[in-house]
Structure formats: C-alpha cells, structure tokens
Amino acid sequence: MTNAANIHFRTCNLCEAMCGLEIEVQGQEILAIRGDKADPFSRGHICPKATALADIYHDPDRLRQPVRRTAVGWEPISWDEAFDEVVSNIKRIQGEYGRNAIGIYQGNPNVHNVGAMFYSPPFVRTLRTKNRFSATSVDQLPHHFAAYFMFGHQLLLPIPDVDRTDFMLMLGANPLASNGSLMTAPDIANRLKALQKRGGKLVVIDPRRTETAVLADTHHFIKPGSDVLLLLALLQTIFTEGLASPGALAAHADGLDTVQQAVADFTPELVAGPTSIPAEAIRQLARDFAGAETAVCYGRIGVSTQQFGGLCHWLINLLNFVTGNLDSPGGAMFTLPAIDVVGITTMTGQTGHYGRWHSRVRNLPEFGGELPVSALAEEMLTPGEGQIKGMITVAGNPVLSTPNGRQLDEALAGLEFMVAIDIYINETTRHANIILPPTTGLETEHYDLIFHVLAVRNTAKYSPPLLSPAENARHDWQIFQELRRRMVGQPLPTRHSPQGKLDFFGRMQPDQIVDLALRFGPYGAHGFNQKKLGQQGKQGLKLPNLKRQVHGVDLGPLQPILLQRLCTPNGRIQLAPELILADLDRVRQTWLNGPTNDQTLTLIGRRQLRSNNSWMHNSPRLVRGKDRCTLLMHPDDALAHNLTNGMMVKVRSRTGEIQLPLAITETVMPGVVSIPHGWGHDREGVRLGTAVNHPGASINDLTDDQQIDQLTGNAAFCGVPVLVEPAV
Ligand SMILES: Nc1nc2c(c(=O)[nH]1)N[C@H]1C(S)=C(S)[C@@H](COP(=O)(O)OP(=O)(O)OC[C@H]3O[C@@H](n4cnc5c(=O)[nH]c(N)nc54)[C@H](O)[C@@H]3O)O[C@H]1N2
Ligand SMILES: Nc1nc2c(c(=O)[nH]1)N[C@H]1C(S)=C(S)[C@@H](COP(=O)(O)OP(=O)(O)OC[C@H]3O[C@@H](n4cnc5c(=O)[nH]c(N)nc54)[C@H](O)[C@@H]3O)O[C@H]1N2
Ligand code: SF4
Ligand SMILES: [Mo]
C-alpha cells in the first residue's frame with residue numbers, strides 16, 4: 009500500500025441514480041468524495057449522501073463482528089459460533105413447527121448489492137418457506153404487477169425516456185429529492201431543465217408543491233389516492249375526442265376496445281370533485297399529452313403506494329400506449345442492459361407468477377414468490393399452524409418502513425428466534441438474537457445489476473472494492489453462501505461439480521458471475537443474442553475490459569424492443585387483463601358513492617435529500633441543522649385546528665399516535681398533511697449514537713397494515729386519515 013493519495017472511481021450504491029464518484033484516498037483514509045465529471049451518465053452529479061459513504065465506513069456504531077443478544081447486552085461472538093446458532097435455530101423451528109414457521113424480510117439495500125442479488129435467492133430457496141417478504145410490497149409492486157399482466161414479465165418495466173421526450177406527465181414522484189426511481193437518471197434536475205429548454209413541458213401531479221413541482225411548467229394538486237380517477241378521465245378524454253393513435257404497436261395488442269368501453273363513464277366532470285382538479289384542466293391535459301410530438305406519463309411512490317396502485321400503473325401504461333408513446337423514443341421505453349436480467353430470466357422461465365399461494369391469516373396472494381409485507385405482523389401474532397416463530401431480516405428495517413410498524417415491533421419481540429444480516433443495531437435488528445454484519449459500501453465490489461435495467465440510457469460500469477474490510481469481515485454474499493452451505497449440510501458443488509450440475513452460487517465469486525453475464529450479454533464478447541435483438545455489437549464486453557473503463561461505458565439511448573421481449577402466453581400485449589379490469593368496480597364503490605368524510609386530515613409522506621429511507625441518520629453531516637421530521641400543514645387547516653407554527657402536535661390514526669413539530673406551509677394542499685418516513689429512532693436499545701439524538705417520529709406508527717391495494721397487496725401509505733391536535 010503506498011502512502012500517496014490515490015484517485016478511485018466507482019458508482020454510488022445508495023440510491024437508484026448510479027452517480028459516478030471520484031474518491032481521493034490515502035491508505036484507508038478517505039480524503040474527498042466528488043462527482044466524477046468523466047462518468048458519461050452522471051456527468052459529475054452527486055448529492056450530499058455520497059460523502060456520507062465515508063461516515064458509514066468509519067461509523068463506530070457499525071457492527072464489524074457478529075453479536076449475540078444476552079440478558080446483559082450484546083456480546084461479540086465468532087462467525088462460526090454465529091452461523092451455528094443461526095442454522096440450528098432455523099432447523100429447530102422448522103422441525104418443530106413446519107417450514108413456514110421461518111419468515112424472511114429483505115430490505116432495499118439488497119437491490120443495491122450485487123453479491124446479495126446473486127447469492128440470497130439460492131439461500132432463500134433452502135428455507136422452502138412461503139413466508140417471504142420484502143420492501144417490494146411497500147414500494148414498486150404495482151409496477152411489476154402491471155408489467156406481468158400486460159407484457160408477461162414482471163421486470164419488463166417501462167422507463168421514461170426523459171432525455172428525448174417533449175412532454176412529461178409525472179404523478180407521485182419527486183425526483184429532485186429522491187433522484188429518481190424506476191428511472192435511473194443521474195442529474196435529473198438538469199435533464200428536466202433540458203427538456204424545458206428544448207421547448208418541452210413538465211406537468212406534475214402531487215398533493216404537495218414539491219421541489220419538482222416548483223420546477224414544472226404546470227402543477228396540479230390532487231387529493232391523495234384519487235390519481236386512478238384522473239388517469240381514467242385522461243384516457244376517457246383521449247378516446248372521446250378521437251386523440252388515440254397507438255401506431256404500429258396496435259397490431260400487436262389485445263383489448264383496446266374493451267379498455268375504451270371500461271373507461272367510457274369516467275368523464276372529467278365525474279372525477280373533478282373527488283380529485284379536486286377542474287374538468288377543463290383534465291381535458292386540456294389530455295389534449296396536450298396526446299398532441300405532443302412525444303410524451304411520457306410516469307408515476308412513482310405516490311401512485312404506487314396507494315389503494316389503487318395496480319390500476320394506476322396499468323392506466324399509465326395505457327396512456328403511453330394509446331398515444332403511441334410506448335416503446336418509442338421520447339416515450340416509455342425498455343432497456344437492454346449489458347447484463348440482460350430480463351433476457352436471462354426469460355430464458356430460465358422466471359418471468360413472474362401470481363396467486364400460487366396465499367397468506368395464512370388474510371388470504372393475500374403471493375406475487376413473484378413474495379407475500380405482502382402488510383401481512384407480516386399478523387402472521388407472527390396469530391396462533392395456529394404455519395405461524396411465523398422465527399425471522400430472518402436482511403438489509404431491512406421494517407419496524408420503521410412498513411405500515412403499522414409498532415405492531416410489527418411488538419410481534420418481533422415475541423419471536424422464538426430472529427437473525428438479522430445488517431450493519432446496525434436499529435429499531436428492527438434490536439430484536440434479533442444474532443446479528444451477522446456484512447461489509448458495506450466502499451468495501452465491496454459493485455455492479456448495478458438492477459438499476460441498469462431501470463436506466464434512461466443503456467450503460468455499464470463495474471466498481472472494484474476500494475477499502476479493505478476489517479479482518480474476518482464477510483461480504484453479504486459470503487454470509488448467504490455459508491448459511492446455505494450449512495442449511496444444505498454438505499459442501500456446495502463447484503462450477504464443475506461431480507454431479508455435473510452448474511451451480512454458479514456454490515463456489516464462484518460475484519465478479520466471475522458478472523464476467524460471464526457480460527460476455528454472454530447483448531454487448532458481450534460472446535453475445536449470442538446480439539443478432540436476435542437487432543443490436544450491433546459494441547465493444548465485446550467482458551469484465552476485464554469493463555474494469556479498464558473506470559468511468560463506465562455508454563451503450564446508447566434506449567431502442568424499441570418490446571415486441572422481441574413480450575412474454576405473454578399469446579405473444580401479444582394485453583391491454584385489458586381481466587383481473588385488473590375487474591378492479592374498476594372497487595374504484596366506483598370507493599370514490600363515487602357520495603362525499604367522503606371531511607372531518608379528518610389526510611396523511612401523505614415525503615422524501616428528503618439528506619435521508620435514505622431509515623438508515624442514514626447516523627451520519628452527523630446528514631442530520632445537522634433544523635429538525636426535518638415535521639408535520640406539514642396548510643395555513644387554513646392550522647387556523648381551523650388552532651395550531652401555530654413550530655408547536656408540538658399529536659397526530660393520531662387508527663393504528664397509533666406520534667408527536668412532532670408542526671410546520672405551516674402553503675406547499676401542501678388544504679386537508680392534507682405530510683410526514684417524511686424513516687424517522688423514529690428513540691426506541692430502547694437502538695445503538696445509533698447520532699440518530700438517537702435526532703430521533704424524529706415514525707409515520708409508519710400511523711399508517712395502517714389493513715390499508716392496502718387489494719389488487720396487488722401493496723401498502724397504501726398515501727391518504728391515511730388522521731386527527732391532529734396540540735400535544736400537551
Ligand atoms: N410511510 C412510508 N413508508 C415507506 C415508504 C414511504 O414512501 N412512505 N417508502 C418505502 C420504500 S420505497 C422502501 S424501499 C422501504 C425501505 O424499507 P427497508 O428496506 O425495510 O428499510 P431501509 O431503511 O432501507 O433499511 C435498510 C437496512 O439495511 C441496512 N443496510 C445498509 N446497507 C447494508 C448492506 O450493504 N448490507 C446489509 N445486509 N444491510 C445493509 C441498514 O442498516 C438498514 O437496517 O421503505 C418503505 N416505507
Ligand atoms: N433522498 C432520498 N432519495 C431516495 C430515497 C430516500 O429515502 N431519500 N428513497 C429511495 C427509494 S427506496 C425510492 S422507492 C425512491 C422513491 O422516489 P419518488 O417516488 O420520487 O419518492 P418521493 O420523493 O417520496 O415522491 C413521492 C411523491 O408522491 C407524492 N404523493 C403522495 N401521495 C400522493 C397521491 O396520492 N397522489 C400523487 N399524485 N402524489 C402523491 C408525495 O407528495 C411525493 O412528492 O426514492 C429513492 N431515493
Ligand atoms: S443521488 Fe443517489 S447515487 Fe447519486 S450521489 Fe446521491 S445517493 Fe448517490
Ligand atoms: Mo423504495
């Protein structure tokens with residue numbers, strides 16, 4: 009190791025934006041983290057969280073060795089002892105109560121971790137439990153649902169072609185704070201400004217005038233949870249005014265007439281009241297959208313995590329389709345990344361499934377092998393065969409991130425055994441008997457298996473590990489591999505095992521798998537599907553040459569590709585899947601049966617640039633300054649409730665109550681209040697020295713595990729009825 013400062017280039021793995029970082033290091037010391045101006049995709053953009061990567065690495069609270077909870081506190085133990093205790097407890101519980109008595113929850117950072125993406129599925133399969141949960145069902149499940157039923161593959165997700173569109177209609181997303189989601193587009197603010205500069209328009213639909221809404225050409229407030237009505241009325245207008253022009257794709261799609269009939273009675277006049285958007289504005293929006301040279305409708309968390317999340321994403325795909333903007337430049341397109349996850353999973357038959365089993369207590373359907381996490385606590389709390397008695401949490405903090413978190417908190421406390429694979433003792437992992445801490449961020453190699461699939465351009469980049477892990481430290485993938493080995497009870501086969509069976513995950517390293525996947529991918533040295541997909545060969549990618557391109561490679565803008573990729577049984581786009589269509593009745597019952605209860609306020613969430621879900625509040629530089637966990641309320645509501653700015657208020661819902669400071673602002677619409685998620689660190693036993701001094705309160709103590717999108721099972725965070733009063 010030399011003592012001179014070195015420059016290292018890598019991709020930030022914290023959020024979906026995949027920003028290129030330029031990191032100056034001396035030995036194991038990080039001198040500076042800057043944006044990498046030579047990264048062709050992110051062009052030097054970073055946000056304040058990137059610098060906190062160093063804080064996580066140095067954080068004295070971060071676990072570096074397995075720990076066991078005892079009556080007198082946490083004691084460090086060896087990896088061998090930890091693995092032994094974990095596997096013997098899993099086996100004991102499954103032996104005694106059946107295999108479904110072990111549940112597993114996988115959180116968001118899994119998806120940002122190539123090792124975990126490769127090695128956790130084979131481990132999870134060894135559990136043979138139906139009680140599998142993840143952050144997907146508090147997030148993007150409705151996107152997968154719509155993709156699966158319309159295009160036949162849960163990962164065929166349309167991505168807004170933001171760099172080429174002339175008109176972007178954005179619902180329930182605030183990329184200026186979140187940096188974009190299911191739209192990996194680093195430096196999104198400048199991409200949106202470029203859209204405006206070339207004469208295009210950005211329209212934002214959000215109950216709050218967000219940072220993105222301020223930038224937009226037009227912003228409409230909308231009543232939380234009513235987006236389904238707006239989308240229906242937009243489609244209705246496009247049909248009745250003869251503005252539909254689906255173009256060439258129409259010849260490959262079933263059900264257009266059915267859709268037209270299904271939406272026929274949702275006139276702008278009908279939905280104006282419930283959405284609070286005037287009928288004329290809806291009509292104009294439909295005309296502008298359909299009339300633009302190219303246009304794209306994009307919806308994210310605000311329309312995914314609501315009662316009609318599934319319908320919203322179906323309708324968004326339809327809007328893009330009927331205006332000729334699906335799979336077309338400037339519209340909603342599909343990626344062809346260097347590691348072709350959709351292609352590979354299509355070949356292996358892993359396109360998704362639905363309803364193969366149901367949750368025991370509430371009978372909710374699985375999707376893609378997982379049950380809705382809103383059902384997790386009740387599966388632990390309700391006695392009977394199949395009750396969850398032991399849990400595994402991996403890179404997740406469901407106590408703060410899933411609805412009715414308090415109930416889950418209590419349920420976890422009552423388990424016979426829990427193991428967490430996590431770097432911190434936080435609100436969730438404090439309940440574990442054993443915590444297995446992996447290496448983190450800068451200590452690991454990185455290839456964005458998933459976010460290249462969701463990016464607005466085809467790009468590829470590989471980041472080698474930068475810092476050496478502590479002695480004896482294990483990567484996530486090594487933890488999964490060892491757990492699996494001990495579950496199976498025999499050495500895992502090598503790549504050329506005597507059984508002749510290929511087992512990539514037995515002895516191969518993640519970078520060997522990345523290399524293989526690149527070589528056989530669409531741009532690869534052995535890219536056998538290159539011709540099939542109509543791509544001209546680029547540089548013949550393989551890991552060694554990708555490694556040399558330290559800033560990453562640009563593989564060009566997205567190309568039309570949907571027809572080659574469709575996985576529906578008849579090979580055609582399904583515009584009107586029966587299951588989805590049937591859910592329209594629920595819309596009528598919910599929204600169109602007279603006035604709703606106006607006594608209560610309606611709660612929504614929000615994201616903040618210096619937070620990353622629940623787990624980065626232990627970085628001092630990210631929590632500095634004013635308390636960010638506040639309740640936003642419109643001045644009219646504050647007046648009506650006799651509340652003043654800055655006072656502590658009590659917020660109550662069916663599930664619980666919390667206290668936090670009030671911030672009065674005209675940026676939320678009347679009747680709506682907003683609280684950011686991921687706060688609430690003041691629970692006993694949390695070992696996050698900085699975060700506990702900036703605890704905030706958890707919005708998910710107010711959200712409701714019973715409030716879900718009944719179609720998809722996704723949590724419905726948007727639009728929780730709450731009462732607000734002064735805290736005394
Ligand atoms: N009300 C409300 N609730 C929400 C949302 C909302 O908008 N409103 N958003 C939802 C969304 S979109 C999401 S994705 C979820 C997120 O929900 P979760 O994934 O459950 O929560 P995170 O806060 O991301 O927790 C990440 C955990 O991973 C650990 N960790 C970090 N890096 C690593 C690593 O490299 N390896 C391992 N093993 N562990 C690591 C952290 O210590 C932390 O415990 O929250 C959801 N909850
Ligand atoms: N800084 C930061 N960045 C992040 C994260 C983070 O925690 N912090 N989390 C990451 C994760 S896991 C994800 S999934 C993405 C999410 O990325 P985004 O979807 O962009 O997330 P939000 O910023 O929460 O934007 C959701 C918007 O929906 C609005 N909204 C709420 N209810 C409704 C409604 O009923 N209708 C409509 N139309 N709008 C509504 C909210 O006011 C909010 O502005 O962000 C990622 N990036
Ligand atoms: S925007 Fe996301 S990817 Fe970019 S630096 Fe910030 S956290 Fe990292
Ligand atoms: Mo998320």
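All residue numbers for the sequence shown refer to the numbering used here, where the first residue is 9 and numbers rise by one.
Beta carbons are placed, not taken as given, at the ideal position from N, Cα and C, and that holds for glycine.
Can you check which of these residues, the options, is closest to residue i by C-alpha distance?
i: residue 433; options: 366, 403, 410; result: 403
i: residue 492; options: 62, 32, 130; result: 130
i: residue 265; options: 378, 344, 584; result: 584
i: residue 589; options: 263, 29, 351; result: 263
i: residue 447; options: 724, 34, 61, 203; result: 61
i: residue 636; options: 482, 704, 88; result: 704
i: residue 345; options: 420, 522, 199, 269; result: 522
i: residue 661; options: 632, 199, 725, 230; result: 725
i: residue 311; options: 356, 235, 278, 420; result: 235
i: residue 183; options: 174, 170, 175; result: 170
i: residue 479; options: 72, 31, 35; result: 72
Give the straight-line distance between the Cα atoms of residue i and residue j, rounded to the nearest whole angstrom.
i: residue 578; j: residue 66; result: 54 Å
i: residue 699; j: residue 498; result: 42 Å
i: residue 360; j: residue 529; result: 21 Å
i: residue 26; j: residue 559; result: 12 Å
i: residue 145; j: residue 354; result: 23 Å
i: residue 214; j: residue 309; result: 11 Å
i: residue 82; j: residue 438; result: 10 Å
i: residue 40; j: residue 90; result: 36 Å
i: residue 542; j: residue 320; result: Caution applies to residue 542, whose pLDDT of 43 falls short of 50 and renders its modelled position unreliable; the value that the coordinates give is listed next. If I take the Cα positions, the gap works out to 32 Å.
i: residue 241; j: residue 410; result: 31 Å
i: residue 736; j: residue 20; result: 44 Å
i: residue 324; j: residue 615; result: 23 Å
i: residue 727; j: residue 119; result: 28 Å
i: residue 253; j: residue 304; result: 14 Å
i: residue 110; j: residue 139; result: 7 Å
i: residue 112; j: residue 148; result: 19 Å
i: residue 105; j: residue 393; result: 7 Å
i: residue 674; j: residue 640; result: 9 Å
i: residue 290; j: residue 55; result: 35 Å
i: residue 696; j: residue 619; result: 15 Å
i: residue 204; j: residue 297; result: 15 Å
i: residue 476; j: residue 534; result: 33 Å
Heavy atom of ligand 3 less than 8 Å from the Cβ of residue i, yes or no?
i: residue 622; result: no
i: residue 50; result: yes
i: residue 403; result: no
i: residue 54; result: yes
i: residue 29; result: yes
i: residue 121; result: no
i: residue 187; result: yes
Can you tell me where the alpha helix (DSSP H) holding residue i begins and where it ends?
i: residue 364; result: That residue, residue 364, is in no alpha helix (DSSP H); its beta strand (DSSP E) goes 362 to 366.
i: residue 220; result: 219 to 223
i: residue 315; result: Unbroken run through residue 315: none, as it is neither H nor E.
i: residue 152; result: 149 to 159
I need the boundaries of the beta strand (DSSP E) containing residue i, first residue and last residue.
i: residue 715; result: Careful: residue 715 lies outside any beta strand (DSSP E) and carries neither H nor E.
i: residue 81; result: 81 to 84
i: residue 209; result: 209 to 213
i: residue 94; result: Careful: residue 94 lies outside any beta strand (DSSP E), inside the alpha helix (DSSP H) at 87 to 105.
i: residue 649; result: Element bounds for residue 649: n/a, residue is neither H nor E.
In chain order, what residues of the same chain lie with their CB nearer than 6 Å to the CB of residue i, ignoring the 5 residues before and after it?
i: residue 162; result: 152, 155, 156, 360, 376
i: residue 561; result: 468
i: residue 86; result: none
i: residue 382; result: 411, 713, 716, 723
i: residue 540; result: Because residue 540 carries a pLDDT of 43, less than 50, the predicted location of this residue cannot be relied on, and no value is offered for it.
Please go through the same chain and pick out, in chain order, the residues whose beta-carbon is closer than 7 Å to the beta-carbon of residue i, but skip the five residues on each side of it.
i: residue 506; result: For residue 506, the predicted model reports a pLDDT of 47, less than 50, meaning its position is unreliable and no value from the coordinates is stated.
i: residue 706; result: 408, 413, 666, 687, 688
Between which residues of its own chain and residue i is the CB-CB distance below 8 Å, once the five residues before and five after are set aside?
i: residue 335; result: 166, 257, 341, 342, 568, 569, 570, 571
i: residue 378; result: 140, 141, 142, 144, 145
For residue i, is the beta carbon positioned less than 8 Å from some heavy atom of ligand 4?
i: residue 309; result: yes
i: residue 145; result: no
Is any non-hydrogen atom of ligand 2 found closer than 8 Å to the C-beta of residue i, if you look at the structure I gave you?
i: residue 149; result: no
i: residue 24; result: yes
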